[in-house]
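In the numbering used here, the protein residues as written are 12 to 80.
A virtual CB, placed ideally from N, CA and C, is assigned to each residue, including glycine.
Note that the structure is a prediction, hence the values are computed from the model and not measured.
See below for the structure under consideration.
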């Protein structure tokens, strides 16, 4: 999903549900960009949202949340 487009819609005071459609051609640079954006969102989910920057979790909790022991 294009998070920037979604965020922009809400900044202009959109209150209803927002649907973002991304049209990408096979073998295009847009396909590569979309794949990298998805990889970055995955890293974000593992690092930030999993508690790596949460001061209340222990080091062990942080390692377990990203799948490392």
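When DSSP states are grouped into helix, strand and coil, residue 17 belongs to the helix group.
Judged by DSSP secondary structure, residue 25 falls outside any alpha helix (DSSP H); it is assigned neither H nor E. Each of 20, 45, 28 was checked against the Cα of residue 34, and the nearest Cα belongs to 45. One Cα belongs to residue 42, the other to residue 21, and the distance between them is close to 26 Å. Secondary structure note for residue 76: its alpha helix (DSSP H) is the uninterrupted segment 70 to 76.
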